[in-house]
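Colleague: The following block contains the structure, expressed as structure tokens.
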Amino acid sequence: MAKSSKVLTTVLAGVMALSLAACGNGNNAATNNGGTDNAGKDNTTTNTGGNKASDEKITITFQNIYPDPNTPSARTLNKIVGDYEAAHPNIKIELDSLNTDQQKIKLKTQAASQEVPDITIVNPKAQMKPYVDAGLLAPLNDMLDQNGLKDTFQQGILDFYSFDNNVYAVPDGNNVAVVYYNKELFEQAGVKIPATFEEMVETVKTLKSKGIQPMVIGEKDTWTGSFLFMNVLLRTSGPGFLQDIMDKKKTFEDPAFVEAVDAFQNLVQAGAFQEGATSMDYNAGENLFKTGKAAMYFMGSWATGSIDDSSVKGKVGVFKFPTVNGKGNPDEFMLAPGSAFAVSAKSDHLQETKDFLNYFMTNYPKVKFENKDAVGVAQKVDGDFAAAGYSDLAVEINGMFSGVKGGDLSFDNTMNPATSQEHLTAIQNLFVQKTDAKEVAKQHQTAFDANNQ
Amino acid sequence: MNVLKVSKATIAVFVLPCLLLYVCLVFVPILVSMYSSTLDWNGIGTSTFIGLDNFKHMFTADPVFWPSVKRTLMFALFSMLEIPLALMLAILLNRYIKRPNFLVSSYFMPVILSVVIIGQLWKTIYNPASMGGMLNQVLITFGLESWTHSWLTEPKVAMYALYFVALWQYLGYHLLIQFTGIQNIPAEIYEAAKIDGADGFKADRYITFPMVVPIFKISVVLAFIGSLQSFDMIMVMTGGGPAHATDVIATHMYNMSFLSMKYGYGSALATFLVVLCLSATILINTLFRRVENKLS
């Protein structure tokens, strides 16, 4: 018994060590993509923001979602905050850096006790609406007028953060959904970029028959599958489907929705996604693509930076989501206006906070560009991406933005949280069992009716 | 009390600080969430009082609720299975191993590991063979390909896969508790029994079992209540998915409160869970009182 227990212990220890090593990979997800050119740059514009020169000591809490100091986003944040503190010795910016999920929960808890940090992060439209309705966020119109900040933003982007003509948050990004593909694996299987969704399903089958994993997805997080499904729906119905539902002009039992469910199921049933997709989270799914283990990856263009920082750098190309059953316009995209900075309406130092945020956002695109992380910034970026040493992929995606002819937001940015959750679960279910599309549609409509009285 | 000659005031001085802390940290939140369970509230904005509507919806209209209750209870039942096993192991360890402490500590190791680590570990073990899952690889090596499953993502098997991880994790815990219980039984009793001809299993039947019952009860209560509240491991491994197939009451509560933003409804689920735990504790205690009376 003693001997066998030793063997057992050794085996267990081995398994544990392996699994720890496997976890370790996950952390490389988004580190270090911008190179090291950040050192010694202090030529940020010296807009001092506010016009008050008070000696009063002020602390501004800045909740953010850039917890890993090695990422370009965190470097950008730290640079601007550092510059501002140097120019304003009486102001201390206290960073509360959390990952996305933690921040969402923390903010909800804080909001329940009316203690929103001076600056926090919210997500567009339906997701930030409860906070606006509860009067927790300060309107930022006056701040946007200062130093011409408003004009730095891309046209229309602020609408996603506006309610009753007041802007309540300023976004850090503006992305669209694309399909990344691994050129090497495509060549190996002898397949071309699919021009239609039906070709895409065929491509999946060909890749599969050659022993190559066609696509990957981290479907434990559920929004990932929904994002892809909504792109199919965008093709079959054209933009504005969810808005029509909310305006009661259409129901989920509309033929376009049923068609989208069927098309989506064709893709799943063709074996597009890796086995066990629903237990794999976003990072793990993305890592499969970034380690060259899969041929295609559907994701928002924000993934560009970390793909360029992985082992498949230089081997990855990108294409627009194709038409479905000949319907839709590939120039219409799933739009992903990014998470956004909002200011607490009950902040003790409202004016100072706004002054700081104004300074922060005015300098944001410039510092982002220097950190080679300016693909998908919500503001206009001056500078030539190719000349600044951005990768071909980044330049290609950046070029794609100019061709965007509208599109739709993700489901959870459009519908209220309760309806969204039911939708996310229903889509996740399609990954594990084939379901009658009409049944899925009905389920959606029931959920919508129950949560929108 | 009179024997100790301690005044009531002294007792109060010693008990109150802890009691107050306990009341503040345990009872007040329970009462607050009971109150929240009567509200239609998203956790942020204004709330409206709706009486018992949340409970009505929970019991009659929520398609996820009853299956999640069933899974929770199954979880509790499965967790009880390992306690006799732990007792057997404890007896064997105590009898046949010279220095059992090392073994007991190594069985105990999963308990002190963070649940997140355990979740990740078992996730990689359970992975489909194409993703390098160890369990499936082993099955294939032995020619049992038809036994392979995508353990965590097939709705029918996912929950059992989770039960098993919990069993694996807490076996050492119950083993330790009962091992300690057995060691506390004086050796003289066994010696006396031996002289009377009671050895081996007979000694267990008439000495170990009756004397270890109070410890056994602790194990049962801990296992039962612990698995009613099981949450973290499920969250790490499946998040309640695929499509609610592994939702238990606690994960459903979390999803409702924080993802669907139905804070009031989430509180109603929490209240139900509290009531369930309390009644389970009372039930188990009553059952054991009978057993103890019978045995002693």
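Residue numbers (the UniProt record's numbering), protein chains in the order written: chain H, 1 to 453; chain B, 1 to 296.
Heads up, the beta-carbon is just placed ideally off N, CA and C, and yes, glycines get one too.
All values reported here derive from a predicted model rather than from experimental measurement.
(1) Hey, does residue 46 of chain H have any beta-carbon neighbour from chain B nearer than 8 Å?
(2) For residue 393 of chain H, does the count of other Cβ atoms within 10 angstroms reach 16, so buried, or fall short, so exposed?
(3) Can you tell me whether residue 273 of chain H is helix, strand or coil according to DSSP?
(4) Can you tell me which of the three DSSP states residue 7 of chain H falls into?
(5) Alpha carbon to alpha carbon, how far is residue 77 of chain H from residue 342 of chain H?
(6) Could you tell me which residues DSSP puts in a beta bridge with residue 409 of chain H?
(7) If you run the structure through DSSP and keep just helix, strand and coil, what is residue 75 of chain B?
(8) Are there three or more Cβ pairs, one per stretch, closer than 8 Å when the segment 127–134 of chain H is compared with the segment 43–54 of chain B?
(9) Between residue 320 of chain H and residue 178 of chain H, what straight-line distance do the alpha-carbon atoms span, to the nearest angstrom?
(10) Would residue 347 of chain H pass as an interface residue toward chain B - the criterion being a Cβ-Cβ separation below 8 Å?
(11) Is the distance from the Cβ of residue 275 of chain H to the Cβ of residue 130 of chain B below 8 Å?
(12) What residues in its chain sit with their C-beta under 6 Å from that of residue 250 of chain H, if we drop five residues either side in the sequence?
(13) For residue 181 of chain H, which residues does DSSP report across the bridge?
(14) Flag residue 259 of chain B as yes if its beta-carbon sits less than 8 Å from any beta-carbon of chain H, otherwise no.
(15) Please tell me whether residue 212 of chain H has its Cβ less than 8 Å away from any Cβ of chain B.
(16) If we ignore side chains and look at the alpha-carbon of each, how far apart do residue 116 of chain B and residue 234 of chain B end up?
(17) So residue 70 of chain H and residue 95 of chain H are supposed to be a Cβ contact under 8 Å. How far apart are they, rounded?
(18) Closest Cβ-Cβ distance between residue 45 of chain B and chain H: below 8 Å?
(19) Hey, how far is the Cα of residue 19 of chain B from the Cα of residue 136 of chain H?
(20) So residue 432 of chain H contacts chain B; which residues on that side make the cut at Cβ distance below 8 Å?
(21) For residue 169 of chain B, which residues from the same chain have a beta carbon less than 7 Å from its beta carbon, with the 5 sequence-adjacent residues on both sides left out?
(22) Kindly give me the distance between the Cβ atoms of residue 375 of chain H and residue 365 of chain H, rounded to whole angstroms, as I take these residues to be in contact under 8 Å.
(23) In terms of alpha-carbon separation, which member of H:252, H:239, H:231 and H:223 lies closest to residue 285 of chain H?
(24) Strictly below 9 Å CB to CB, what residues from chain B border residue 117 of chain H?
(25) Within 8 Å (strictly less), CB to CB, does residue 114 of chain B reach chain H?
(26) Going along the segment 215–247 of chain H in order, which residues come within less than 9 Å of chain B, judged by CB to CB distance?
(27) Could you tell me which chain H residues have their CB closer than 7 Å to the CB of residue 150 of chain B, listed as they occur along the chain?
(28) Helix, strand or coil for residue 214 of chain H? Go by DSSP, reduced to three states.
(29) From residue 289 of chain H to residue 296 of chain H, what does the alpha carbon distance come to, in whole angstroms?
(30) Taking the straight line between their C-alpha atoms, what separation do you get for residue 243 of chain B and residue 211 of chain H?
(31) I need the boundaries of the alpha helix (DSSP H) containing residue 363 of chain H, first residue and last residue.
(32) Please name the residue in B:155, B:245, B:39 and B:74 whose C-alpha comes closest to that of residue 223 of chain B.
(33) For residue 52 of chain H, decide whether its Cβ has a neighbour in chain B, counting only Cβ atoms nearer than 8 Å.
(34) Using a Cβ cut-off of 8 Å (strictly closer), state whether residue 428 of chain H contacts chain C.
(35) Taking the alpha carbon of residue 209 of chain B as the point to measure from, which residue in B:148, B:288, B:272 and B:9 has its own alpha carbon closest?
(36) Does any C-beta atom of chain H lie closer than 8 Å to the C-beta of residue 27 of chain B?
Modeller: Taking the geometry as given:
(1) Note that residue 46 of chain H has pLDDT 42, beneath the 50 cutoff, so the model's placement of it is unreliable and the number below is only indicative. Closer than 8 Å: no.
(2) With 16 or more other CB atoms across the displayed protein chains lying within 10 angstroms of its CB, residue 393 of chain H is buried.
(3) strand
(4) Bear in mind that the predicted position of residue 7 of chain H carries a pLDDT of just 47, short of 50, making it too unreliable to give a figure here.
(5) 15 Å
(6) H:335
(7) helix
(8) yes
(9) For residue 320 of chain H and residue 178 of chain H, the distance between alpha carbons rounds to 5 Å.
(10) For residue 347 of chain H, the closest Cβ of chain B is not nearer than 8 Å.
(11) yes
(12) Only 244 meet the Cβ criterion.
(13) H:296 and H:317
(14) Among the CB atoms of chain H, one or more fall inside 8 Å of the CB of residue 259 of chain B.
(15) no
(16) 10 Å
(17) Incorrect: roughly 15 Å between the Cβ atoms, too far for contact.
(18) Against chain H, the CB of residue 45 of chain B has a partner CB under 8 Å away; the residue lies at that interface.
(19) 37 Å
(20) 153, 154, 155, 242, 243 and 245
(21) 110, 111 and 118
(22) Your pair residue 375 of chain H and residue 365 of chain H does not check out as a contact, with CB atoms roughly 12 Å apart and the cut at 8 Å.
(23) Per the C-alpha coordinates, the member of H:252, H:239, H:231 and H:223 positioned closest to residue 285 of chain H is H:223.
(24) None at all; the shortest Cβ gap to chain B is about 15 Å.
(25) no
(26) 219, 220, 221 and 222
(27) 275 and 276
(28) strand
(29) Straight-line Cα distance between these residues: approximately 7 Å.
(30) For residue 243 of chain B and residue 211 of chain H, the distance between alpha carbons rounds to 29 Å.
(31) 350–370
(32) Nearest C-alpha to residue 223 of chain B: B:74.
(33) Confidence at residue 52 of chain H is low in this model, with a pLDDT of 48, below 50, so its placement is unreliable and no value can be given for it.
(34) In the displayed structure, chain C is absent; the protein chains listed are H and B.
(35) Closest by alpha carbon: B:288.
(36) no
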